[in-house]
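Take a look at the structure below.
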Amino acid sequence: MIQITLPDNSVREFAEPVTGLEIARSISNRLAKDVLSVSVDGEIWDLTRKIDHDAKIKLHTWDDREGKEAFWHSSAHLMAEAIEQLFPGTKFGIGPTVDAGFYYDISLPGEKQLAEKDLEKIEQKMIELARQKNDIVREEISKKEAMQLFNSKGDEFKQELISELEDGTITLYKHGTFTDLCRGPHIPNTGYIKAIKLTSIAGAYWRGDEKNPMLTRVYGITFPKQKMLTEYLEMLEEAKKRDHRKIGKEMELFAFSEAVGQGLPLWLPKGAQLRMLLEDFLKKVQKKYGYDQVITPHIGDVNLYKTSGHYDKYGKDSFQPITTPAEGEEYLLKPMNCPHHCEIYKVKPHSYKDLPVRMAEFGTVYRYEQSGELHGLTRVRGFTQDDAHIFCRPDQLKDEFKKVIDIIFIIFKALSFEDYTAQISLRDPKTPEKYIGNPENWDKAEQAIIEACEEKGLKTVTETGEAAFYGPKLDFMIKDALGRSWQLGTIQVDYNLPERFNLEYIGSDDNRHKPVMIHRAPFGSMERFVAVLIEHTAGKFPLWLAAEQAVVLPISEKYNDYAQKVSDFLNISDIRTVVDDRNEKIGRKIRDNELKRIPYLLIVGEKEAESETVSVRRQGEGDKGVMELSEFAELLTNEVRNQLSGLYN
RNA sequence: GCCGGAGUAGCUCAGGGGUAGAGCGCAUCCUUGGUAAGGAUGAGGUCACGAGUUCAAUUCUCGUCUUCGGCUCCA
């Protein structure tokens with residue numbers, strides 16, 4: 001008797017070894033149709049593999065990551081089969097799954113290059129092969145046999161992979177005419193794959209090392225239903241519409257100019273307005289939390305960055321030093337603000353009573369990012385960090401950390417960022433050489449972060465080995481409406497710079513002590529934050545951030561004067577208002593201004609002019625009825641105040 | 001930086017060895033209108049830049065720059 005325990009702890013008994021598929025069938029036919037893979041005592045198996053011992057299992061369908069992975073992994077094999085049939089002699093690297101789909105790294109025979117046109121041919125072939133419903137069969141093989149097999153195929157990539165595997169653990173998967181070295185698991189047969197889209201071709205170095213030959217990487221995605229592919233493609237279209245590069249151009253927020261240089265954003269008036277509103281908001285919050293605003297230059301003596309250690313780390317990847325008429329004098333565009341802030345700390349001696357010192361600056365930094373890495377506003381060569389450094393006593397660390405978390409909460413609330421994850425990055429104790437500072441301090445800092453998060457009720461994920469070389473950190477990742485994850489805010493503990501800059505305070509014991517530094521940037525950088533904000537809101541910013549909060553639309557030119565009066569009144573009431581006095585019909589003005597994403601449209605004609613009112617329309621929501629001017633102003637003021645309540649409470 | 005696409009009007013894009021087209025936007029005029037596109041006329045382009053092939057290049061070839069998708073690197 002074999003006892004199979006299901007996730008709900010119910011137990012099913014089978015007289016003989018049983019496959020995942022058979023178990024699913026014993027539960028329901030529907031499940032048998034949907035199931036893609038099975039976990040057996042935590043290990044993911046093929047559905048067709050016999051379970052010959054008592055086990056805890058879980059059946060995975062398309063709704064589970066494990067199910068999708070088996071499906072896409074099999075799809076990668078199917079693609080490889082199609083490519084091998086179309087281009088005999090192709091060598092194969094690796095073909096794993098990714099977040100959305102899969103890829104396979106291949107090396108085509110001779111000088112053959114794959115072009116976009118070829119993708120369609122491969123898709124066709126894949127569909128043809130999928131329809132054959134070939135069983136995907138697992139086979140255990142000795143290392144020697146495996147080597148011989150791929151040697152006969154002349155595939156040095158697979159041989160390299162095999163050479164690193166242990167004998168007795170090597171498995172092959174076969175279907176149709178194709179055999180691959182693979183750990184699995186796979187779906188039972190290729191017929192499950194109904195809809196196929198190969199999405200792109202890219203170059204990729206073998207094993208991710210630029211010293212190795214470059215392979216051709218083919219990306220694709222597949223689905224068990226045609227309809228799912230259609231929906232996926234529609235979702236991609238939706239994502240394109242939200243792209244901050246597109247919206248930024250459309251709304252005239254920012255631009256790039258070849259004449260100025262790659263990766264150097266130009267903030268247009270409306271983008272600058274948006275950015276300044278964000279900065280002013282954060283400045284107010286920071287003031288409330290006891291920060292002092294400072295200002296430092298854009299360049300600094302190269303020795304400053306040698307002291308800080310940034311020269312070693314960024315020097316070769318950065319803009320080259322600026323020389324001066326003086327012999328041997330060199331300056332660097334600053335890659336970081338912290339060295340300057342350390343020097344500010346050193347301007348005068350500090351008593352333990354002065355701490356914490358909190359220094360904030362919207363500091364613009366320059367880093368020579370690789371040209372291929374530049375991307376809209378999310379990765380640029382000159383950007384402004386909403387940087388601040390907190391110099392505190394070790395006993396203040398946790399408290400200060402908690403206060404920074406509070407600031408981040410206020411910001412997230414003001415921008416309705418609800419779906420975020422917080423990641424604690426700790427050092428990897430196995431590689432102490434990667435980190436500087438003594439382990440005792442590291443322990444204290446890591447503990448302080450963990451406790452601060454707990455006390456703030458922050459749900460976190462912990463990643464070991466992801467810490468910066470100088471200290472552990474807490475990062476905030478925001479998911480946009482399409483589920484893509486972006487890293488924004490960061491809080492980092494640093495014992496390194498106080499050491500390097502020899503920072504001190506006089507303790508109550510009259511001795512000199514080293515302060516602890518916290519680096520923090522709730523937005524991360526203004527550029528990236530605005531990019532994410534654009535994608536999150538699709539350009540429909542919350543009222544408090546809209547460059548134009550209301551637009552007055554006169555029904556005809558006869559009411560332009562009244563419209564101007566309305567606009568003047570609202571502007572005096574601190575509501576950013578403009579007038580659309582173009583010679584157009586009201587329907588046209590409504591359409592154009594809706595598309596400009598202005599939150600409130602105020603229609604004024606004969607009735608409104610007589611009664612000193614406005615007819616209010618909310619962007620995306622339509623007619624809201626007629627209101628007194630003062631009533632409308634109050635409505636907006638309250639809405640803004642409500643959005644910024646974190647600041648005022 | 002590497003691999004592969006792309007660069008035509010302000011924007012989105014079509015075209016193609018004989019010096020260019022659409023829609024939107026813009027300008028002027030008509031229209032003076034009540035909740036998502038009123039009408040007419042017109043102005044805009046060294047077809048990214050440089051070289052080569054050719055009687056002739058925006059079109060073909062090469063290089064450069066920029067940009068897009070990846071890779072690598074990285075806050």
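The first sequence begins at 1 in the UniProt record's numbering and counts up one residue at a time.
All C-beta atoms, glycine included, are put in the ideal place defined by N, C-alpha and C.
Note that the structure is a prediction, hence the values are computed from the model and not measured.
Problem set entry | Segment limits, alpha helix (DSSP H) that includes residue 648 | 645 to 648
Exercise. Which same chain residues, not among the five before or five after residue 99, have their C-beta less than 7 Å away from its C-beta?
Worked result: none
Problem set entry | Buried versus exposed call for residue 105 [16 or more other C-beta atoms within 10 Å across all chains shown] | buried
Problem set entry | Same chain only: Cβ atoms within 6 Å of residue 589, ignoring 5 sequence neighbours per side | 553, 580
Problem set entry | Beta-carbon contacts of residue 456 that lie in its chain and below 7 Å, excluding the five residues immediately before and after | 402, 405
Exercise. Hey, how far is the Cα of residue 559 from the Cα of residue 544?
Worked result: 28 Å
For this session: Specify the secondary structure class of residue 500 as computed by DSSP and reduced to three states.
Result: helix
Exercise. Going by DSSP, which residues form a beta bridge with residue 384?
Worked result: 364
Exercise. Is the distance from the Cβ of residue 624 to the Cβ of residue 616 below 8 Å?
Worked result: yes
Problem set entry | For residue 230, the three-state DSSP class (helix, strand or coil) | helix
Problem set entry | contact_flag[the segment 87 to 102, the segment 51 to 64] where n(CB pairs < 8 Å) is 3 or more | no
Problem set entry | Beta-bridge pairing of residue 392 - partner residues as DSSP gives them | 516
Problem set entry | Option in 210, 47, 7, 508 with minimal Cα separation from residue 25 | 47
For this session: Taking all protein chains shown into account, decide if residue 181 is buried (16 or more other Cβ within 10 angstroms of its Cβ) or exposed.
Result: buried
For this session: Less than 8 Å between the CB atoms is what I'm expecting for residue 475 and residue 464, so what's the real figure, rounded?
Result: Wrong, their Cβ atoms sit about 14 Å apart, outside the cutoff.
Problem set entry | DSSP state of residue 358 mapped onto helix, strand, coil | strand
Exercise. Shortest alpha-carbon distance to residue 431 belongs to which of 408, 468, 407?
Worked result: 468
Exercise. Three or more beta-carbon pairs under 8 Å between the segment 565 to 572 and the segment 293 to 306, yes or no?
Worked result: no
For this session: Can you have a look at residue 661 and say buried or exposed, based on whether 16 or more other CB atoms are within 10 angstroms of its CB?
Result: Look at the range of the chain in this structure, 1 to 649, and you will see that residue 661 is not part of it.
For this session: Indicate whether the contact test is met: 3 or more Cβ pairs, each with one atom in the segment 132 to 150 and one in the segment 163 to 171, closer than 8 Å.
Result: yes
For this session: Per DSSP, which residues does residue 97 bridge with? Please list them.
Result: 102
Problem set entry | For residue 601: DSSP bridge partner residues | 551, 617
Problem set entry | Cβ neighbour criterion (16 or more within 10 Å) applied to residue 285 | buried
For this session: Determine the extent of the beta strand (DSSP E) in which residue 20 is found, giving its start and end residues.
Result: No beta strand (DSSP E) holds residue 20; the alpha helix (DSSP H) holding it covers 20 to 27.
For this session: Quick one: give me the first and last residue of the alpha helix (DSSP H) that residue 174 is part of.
Result: That residue, residue 174, is in no alpha helix (DSSP H); its beta strand (DSSP E) goes 171 to 175.
Exercise. Exposed or buried, which one is residue 396 when buried takes at least 16 other CB atoms within 10 Å?
Worked result: buried
For this session: Might you give, ordered along the chain, the residues of its own chain that have their beta carbon closer than 7 Å to the beta carbon of residue 375, omitting 5 neighbours on each side?
Result: none
For this session: Using DSSP bridges, identify the partner residues of residue 420.
Result: 478
Exercise. Tell me the DSSP bridge mates of residue 331?
Worked result: 301, 322
For this session: Count the CB pairs spanning the segment 357 to 368 and the segment 242 to 261 that are closer than 8 Å, and state whether there are at least three.
Result: no
Problem set entry | Which of helix, strand or coil DSSP assigns to residue 63 | coil
Problem set entry | Contact check, residue 194 vs residue 225, beta carbons under 8 Å | yes
For this session: Would you mind reading off the limits of the alpha helix (DSSP H) that contains residue 345?
Result: 338 to 345
Problem set entry | Whole-angstrom distance between residue 245 and residue 539, CA atom to CA atom | 11 Å
Problem set entry | the segment 509 to 529 touching the segment 259 to 278, judged by at least three CB pairs closer than 8 Å | yes
Exercise. Considering only C-alpha positions, which residue in the set 365, 183, 74, 309 is nearest to residue 220?
Worked result: 74
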